[in-house]
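Quick note, the sequences are listed as chains L and D, same order.
Take any residue in the first sequence, count from 1 to its spot, add 1: that is its number in our numbering.
Take any residue in the second sequence, count from 1 to its spot, add 22: that is its number in our numbering.
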Amino acid sequence: MSDKKIILKIKNGEINYFEFLVKKYSKYIYNYFFLKLKNKEDCEDLIQDVFLNFYRTLNRFDEEKPVFPYLIEIAKNQLKMFYRRKKFTLSLKDKLIAENDYLKSLNLFDDLGIDLSKLNKKEKKIFKLLGEGYKIKEIARILKIKENTVKSMIRRGRIKIKSQTASDAVKN
Amino acid sequence: MRNLEKKILKKVYLWEAKRTVFDLIFKIILVFSSGLFLFILGQIFVEILNEQKTLDLLNFFGEDFAVFKNYFLDNIFIFWIEIPKFLLLLILLFLIIISIIILALVKNFNIIKNKIRSLLKCFIYKDKVK
Numbered sequence: 002m003s004d005k006k007i008i009l010k011i012k013n014g015e016i017n018y019f020e021f022l023v024k025k026y027s028k029y030i031y032n033y034f035f036l037k038l039k040n041k042e043d044c045e046d047l048i049q050d051v052f053l054n055f056y057r058t059l060n061r062f063d064e065e066k067p068v069f070p071y072l073i074e075i076a077k078n079q080l081k082m083f084y085r086r087k088k089f090t091l092s093l094k095d096k097l098i099a100e101n102d103y104l105k106s107l108n109l110f111d112d113l114g115i116d117l118s119k120l121n122k123k124e125k126k127i128f129k130l131l132g133e134g135y136k137i138k139e140i141a142r143i144l145k146i147k148e149n150t151v152k153s154m155i156r157r158g159r160i161k162i163k164s165q166t167a168s169d170a171v172k173n
Numbered sequence: 023m024r025n026l027e028k029k030i031l032k033k034v035y036l037w038e039a040k041r042t043v044f045d046l047i048f049k050i051i052l053v054f055s056s057g058l059f060l061f062i063l064g065q066i067f068v069e070i071l072n073e074q075k076t077l078d079l080l081n082f083f084g085e086d087f088a089v090f091k092n093y094f095l096d097n098i099f100i101f102w103i104e105i106p107k108f109l110l111l112l113i114l115l116f117l118i119i120i121s122i123i124i125l126a127l128v129k130n131f132n133i134i135k136n137k138i139r140s141l142l143k144c145f146i147y148k149d150k151v152k
């Protein structure tokens, strides 16, 4: 039986004909997902959503058009949504790892091999805040000093760091 | 793969069953509640007309044709003035709602019948298929 006839039957309320479409296309859609995800459970969840979404939109579907490209389009959208969901939901273990990474990023200067020991206490604090991603305006507000003071301290600190790294290079 | 197909079909049939049942229940409740309102409004409408003795105007339909012809427009005009218009508007509104729902049900009767038959077939013979 052609897809057109099956869809017309389903539109007429004989929904058990949907079985033919599922049998015909499920393995292709499954392969599509498996190639991308390599995970059986995720593939099975997604394929169920694909066919359910297809069934929901079946009344608006033009039976003259081919079914498979439409199913693949739904599958692509489901995959996008799946990736988006996965991006926002981290397991507790992943969350701890992410937090650890963030904490590590705060020691950015140590990782980059930049020695801040030559800087005074205030300059060190400014550079740490810069490393955390604060803007000059925000640093000035946090430390209760003027923006221009922050800028000049950064300039002085840079000079100190440059001279330090240059002398280290000469020594090596 | 066969299990997966079963899972897909089960999900789809469950969704369709829920939709069909809710749709039917919603429409039946709407028809019955509209019918009830229509009945109550109709009773009030007739009572008001009885109190005003407006319905006596209809007696002139039993008169001779010449009298009927002469006073037809006058009587209709008086009748129109005396009837409670807001109530009439409400009655018409409920009548329209009921007729739209019933027409939609009659129009989709075959589809709904087929759907229910397919769903019953699926859920009743489910165990036999397994």
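Think of the CB as a built atom: it goes at the ideal place given N, C-alpha and C, for glycine as much as any other residue.
Residue i (DSSP reduced to helix, strand or coil)
{"i": "Lys152 (chain D)", "result": "In this prediction, Lys152 (chain D) has a pLDDT of 43, which is less than 50 and means its spatial position is unreliable; what the coordinates show is noted afterwards. Reduced to three states, the DSSP call for Lys152 (chain D) is coil."}
{"i": "Glu133 (chain L)", "result": "coil"}
{"i": "Ile11 (chain L)", "result": "helix"}
{"i": "Asn81 (chain D)", "result": "helix"}
{"i": "Lys145 (chain L)", "result": "coil"}
{"i": "Asn136 (chain D)", "result": "helix"}
{"i": "Phe62 (chain L)", "result": "coil"}
{"i": "Met154 (chain L)", "result": "helix"}
{"i": "Pro106 (chain D)", "result": "coil"}
{"i": "Leu120 (chain L)", "result": "coil"}
{"i": "Lys25 (chain L)", "result": "helix"}
{"i": "Ser3 (chain L)", "result": "coil"}
{"i": "Lys39 (chain L)", "result": "coil"}
Short Cβ contact (8 Å threshold) for residue i with residue j
{"i": "Phe52 (chain L)", "j": "Val34 (chain D)", "result": "yes"}
{"i": "Met23 (chain D)", "j": "Lys28 (chain L)", "result": "yes"}
{"i": "Leu59 (chain L)", "j": "Lys129 (chain L)", "result": "no"}
{"i": "Leu105 (chain D)", "j": "Thr76 (chain D)", "result": "Note that residue 105 (chain D) corresponds to Ile in the displayed sequence, not to Leu. A contact, by the Cβ cut-off of 8 Å."}
{"i": "Gly14 (chain L)", "j": "Lys32 (chain D)", "result": "no"}
{"i": "Lys29 (chain D)", "j": "Glu45 (chain L)", "result": "yes"}
{"i": "Leu36 (chain L)", "j": "Gln79 (chain L)", "result": "no"}
{"i": "Lys143 (chain D)", "j": "Asn17 (chain L)", "result": "yes"}
{"i": "Ile123 (chain D)", "j": "Leu63 (chain D)", "result": "no"}
Residue-level contact to chain D via CB, residue i, 8 Å cutoff
{"i": "Gln79 (chain L)", "result": "no"}
{"i": "Phe19 (chain L)", "result": "yes"}
{"i": "Tyr56 (chain L)", "result": "yes"}
{"i": "Tyr26 (chain L)", "result": "no"}
{"i": "Gly132 (chain L)", "result": "no"}
{"i": "Asn40 (chain L)", "result": "no"}
{"i": "Thr31 (chain L)", "result": "Correcting the residue identity first, residue 31 (chain L) is Tyr in this sequence and not Thr. By this cut-off, Tyr31 (chain L) is an interface position."}
Residue burial classification, residue i (beta-carbon count within 10 angstroms, cutoff 16)
{"i": "Ala76 (chain L)", "result": "buried"}
{"i": "Phe34 (chain L)", "result": "buried"}
{"i": "Phe61 (chain D)", "result": "exposed"}
{"i": "Glu69 (chain D)", "result": "exposed"}
{"i": "Ser140 (chain D)", "result": "buried"}
{"i": "Phe44 (chain D)", "result": "exposed"}
{"i": "Ile160 (chain L)", "result": "exposed"}
{"i": "Leu125 (chain D)", "result": "exposed"}
{"i": "Gln74 (chain D)", "result": "exposed"}
{"i": "Phe145 (chain D)", "result": "exposed"}
Within-8 Å CB hit, residue i to chain L
{"i": "Leu31 (chain D)", "result": "yes"}
{"i": "Ile70 (chain D)", "result": "no"}
{"i": "Glu73 (chain D)", "result": "no"}
{"i": "Leu26 (chain D)", "result": "yes"}
{"i": "Lys40 (chain D)", "result": "no"}
{"i": "Lys129 (chain D)", "result": "no"}
{"i": "Ser140 (chain D)", "result": "yes"}
{"i": "Asn97 (chain D)", "result": "no"}
Rounded distance between the beta-carbons of residue j and residue i, thought under 8 Å
{"i": "Leu117 (chain D)", "j": "Phe67 (chain D)", "result": "That pair is no contact at about 12 Å."}
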